[in-house]
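Undergrad: Protein chains in written order, with the working numbering: chain H, 39 to 149; chain G, 155 to 270.
Ideal Cβ placement from N, Cα and C applies to all residues, glycine included.
All figures in this text were calculated on a predicted structure; none of them were measured in a lab.
Sharing a structure, written as structure tokens. Questions coming.
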């Protein structure tokens, strides 16, 4: 059974801090790993990673995949209160073309 | 980018009634759509994969007679919660992937179902 685990489950930081969110997976037929941000409604897409060691960056967010370690990290620098959300990691496998989601990390950024 | 529209965003129904949720891909065709359920403070759980023109594929533990899925066209999938009970109250989200979009799966805005 495909499994995706995220850590920590929840995190509270002060504005301006840097955070690192972790995602590890055990799946068959790995194709790509995706990160999403979910506030009150549907998740919004952040990154899709397919190759190991290549960092993807968007503003203060960045992410990298390590296929050897079967994991990925999502970094957020200079956090802002607007970064407060649930961050979801999902792995896309070739099996039935579906996404398997991790447990999510709930991030709260306080003033 | 790809847009997926989900309707309604919120519905309250009485126990024993059925509720239909629609998911539309607005600017692309989706042969496959996915239905998820999310409980408070938990991650998304895949319920079923909706296949255009054929039967849906349900995940283990999901009752196919309770959660009816129809994917009649390349842009529309529907989820009907039949004989709803309070324990069916949840957040339901659909998603689809535009094969030409490297941005991954796009999600609908979700439907908050409350069964009273």
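When Cβ atoms are compared, which residues of the segment 131-145 of chain H fall closer than 8 Å to chain A?
TA: Judged by its chain identifiers, the structure shown contains no chain A, and its protein chains are H and G.
Undergrad: Establish whether the CB of residue 126 (chain H) and some CB of chain G are separated by less than 8 Å.
TA: yes
Undergrad: Please go through the segment 209-266 of chain G and give each complete beta strand (DSSP E) segment of 3 or more residues, from N-terminal end onward.
TA: Every beta strand (DSSP E) stretch that sits fully inside the segment 209-266 of chain G and reaches 3 residues is listed by chain position as 221-227, 230-235, 244-251, 259-261.
Undergrad: Please list the partners that residue 123 (chain H) has in chain G, where partner means a Cβ-to-Cβ separation under 9 Å.
TA: The premise fails here: residue 123 (chain H) is roughly 13 Å from chain G at the closest Cβ pair, so nothing lies under 9 Å.
Undergrad: Can you name the residues of chain G whose CB is closer than 7 Å to the CB of residue 79 (chain H)?
TA: 263, 264
Undergrad: Is there a C-beta anywhere in chain H that falls below 8 Å from the one on residue 246 (chain G)?
TA: no
Undergrad: Determine the DSSP secondary structure at residue 121 (chain H), reduced to helix, strand or coil.
TA: helix
Undergrad: From the DSSP output, read off the bridge partner residues of residue 82 (chain H).
TA: Residue 82 (chain H) has H:75 as its beta-bridge partners, per DSSP.
Undergrad: Between the beta-carbon of residue 175 (chain G) and the beta-carbon of residue 246 (chain G), is there less than 8 Å?
TA: yes
Undergrad: Per DSSP, which residues does residue 64 (chain H) bridge with? Please list them.
TA: H:41
Undergrad: Could you list the residues in the segment 183-207 of chain G with a C-beta less than 9 Å from some C-beta on chain H, going in chain order?
TA: 186, 188, 190, 192, 195, 196, 197, 198, 199, 200, 203
Undergrad: Using a cut-off of 7 Å between C-beta atoms, extract the partners of residue 212 (chain G) located in chain H.
TA: By Cβ distance, chain H contributes nothing, its closest Cβ being about 11 Å from residue 212 (chain G), past 7 Å.
Undergrad: In the DSSP assignment, the beta strand (DSSP E) including residue 108 (chain H) goes from what residue to what residue?
TA: Unbroken run through residue 108 (chain H): none, as it is neither H nor E.
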